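Everything in the sequence shown is counted per the UniProt record's numbering, starting at 1 for the first residue and increasing by one. The block underneath contains the structure these notes are about, expressed in structure tokens.
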Amino acid sequence: MNTKELLTRSLTGVFIVGITLAAVIYSPYTFVIWLSLIAFFGILEFLNLEPISIRRLEAYAFTSIVAAMIVITGYTLIRFHTPFIIPIFIPVIIPVILLLQLLSSPYPAELVQRSKSFFTAVLYIGIPMLTGCIFIIGQYSFHFVLVPIILIWTNDVMAYLIGSKWGTKKIMPFISPGKSVQGTIGGGLFTLLVSFGLQKLWPDIPQGYLWTLGIATPFFALAGDLWESALKRNAGVKDSGTILPGHGGILDRYDSLLFVMPIAALAYFIFVL
Numbered sequence: 001m002n003t004k005e006l007l008t009r010s011l012t013g014v015f016i017v018g019i020t021l022a023a024v025i026y027s028p029y030t031f032v033i034w035l036s037l038i039a040f041f042g043i044l045e046f047l048n049l050e051p052i053s054i055r056r057l058e059a060y061a062f063t064s065i066v067a068a069m070i071v072i073t074g075y076t077l078i079r080f081h082t083p084f085i086i087p088i089f090i091p092v093i094i095p096v097i098l099l100l101q102l103l104s105s106p107y108p109a110e111l112v113q114r115s116k117s118f119f120t121a122v123l124y125i126g127i128p129m130l131t132g133c134i135f136i137i138g139q140y141s142f143h144f145v146l147v148p149i150i151l152i153w154t155n156d157v158m159a160y161l162i163g164s165k166w167g168t169k170k171i172m173p174f175i176s177p178g179k180s181v182q183g184t185i186g187g188g189l190f191t192l193l194v195s196f197g198l199q200k201l202w203p204d205i206p207q208g209y210l211w212t213l214g215i216a217t218p219f220f221a222l223a224g225d226l227w228e229s230a231l232k233r234n235a236g237v238k239d240s241g242t243i244l245p246g247h248g249g250i251l252d253r254y255d256s257l258l259f260v261m262p263i264a265a266l267a268y269f270i271f272v273l
């Protein structure tokens, strides 16, 4: 990596961290917009990785619908404090997907394959971001959202550093050659330690919430990373997109969050609500 590439990657990294923190901390409205944008651009990237060709207008229409559902859910929770809107959208989106596919393709084989791609996009990206809206129920406190984000960053950084230094045994070399057993264990231990430290920083957060995420984050973050790597391997590309110079796409940076967010939402429901 030359100096220019390193500078570009560093500046983009600072931008990603800044935007993420600003969106989560500033207000519940910016948090919801952040969730919807990850879903919008993430699904676009996912559809581009699929082996079947999908028209751009159709892809944008579908991603807009999913993003709009997240925005409507978040806005409803902020204004009316009712959680019942969340499960309503999950079954509603199923006939919407099928209707879009019936209008776009008259061929049975293509119709089925395209429908599989759209359903997978909803399950993989749309629903995890939708579950993030649970943090808005009641009084929004950005600390609860920052916990999984900080733990993901801790796990990623420490797993990389330890794996680079001592990583000899690879986990799944055909999917992600850089992931090692040593790095994964080291990253997990540091993540657990940081979860204990966050308890001192934010004593109002229940221990069960912190400990659950401290234990679960390394496993689910790794699963999210490996799954996204498998998608790229299957598509024969290095990055999921180009929207983030030096880092690739949205999925390249938020792949772990897609798997950790539902766990964080469940822990929030159990220990906080």
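Beta carbons are placed, not taken as given, at the ideal position from N, Cα and C, and that holds for glycine. It should be emphasised that the depicted structure is a prediction, and the values quoted were computed from it without experimental measurement.
Look at the beta carbons and you see the region 35-53 not touching the region 142-160: under three pairs across the two are nearer than 8 Å. Judged by beta-carbon spacing, G178 lies beyond the 7 Å limit of I162, meaning their Cβ atoms are not closer than that value.
By the C-beta criterion, the region 162-171 is judged not to be in contact with the region 227-244, since fewer than 3 inter-stretch pairs fall below 8 Å.
Here A264 is not near M129, since their CB atoms are 7 Å or more apart. Assigned with DSSP and collapsed to three states, G167 falls in coil, not helix or strand. Rounded to the nearest angstrom, the Cβ distance from L151 to L213 is 6 Å, consistent with a contact under 8 Å. With a 10 Å radius around the Cβ and a threshold of 16 neighbouring Cβ atoms, A109 comes out exposed. Within the same chain, L100, S104 come within 8 Å of E58 by CB-CB distance, once the 5 residues on both sides are set aside. If you look at M261, you'll find it in the alpha helix (DSSP H) that goes 250-271.
Cβ-Cβ separation between V145 and F31: approximately 7 Å, consistent with a contact (criterion under 8 Å). Taking the Cα of T8 as reference, the smallest distance to any Cα among T242, F259, A22 is reached at T242.
Excluding residues up to 5 positions away in sequence, I52, I54, Q101, S104, S105 lie with their Cβ nearer than 8 Å to the Cβ of R114 in the same chain. With a cutoff of 7 Å on beta-carbon distance, R253 and I94 are scored as not near each other. Annotation for P28: I78, I136, Y140 place their beta carbon closer than 6 Å to its own, counting only its chain and skipping 5 residues before and after.
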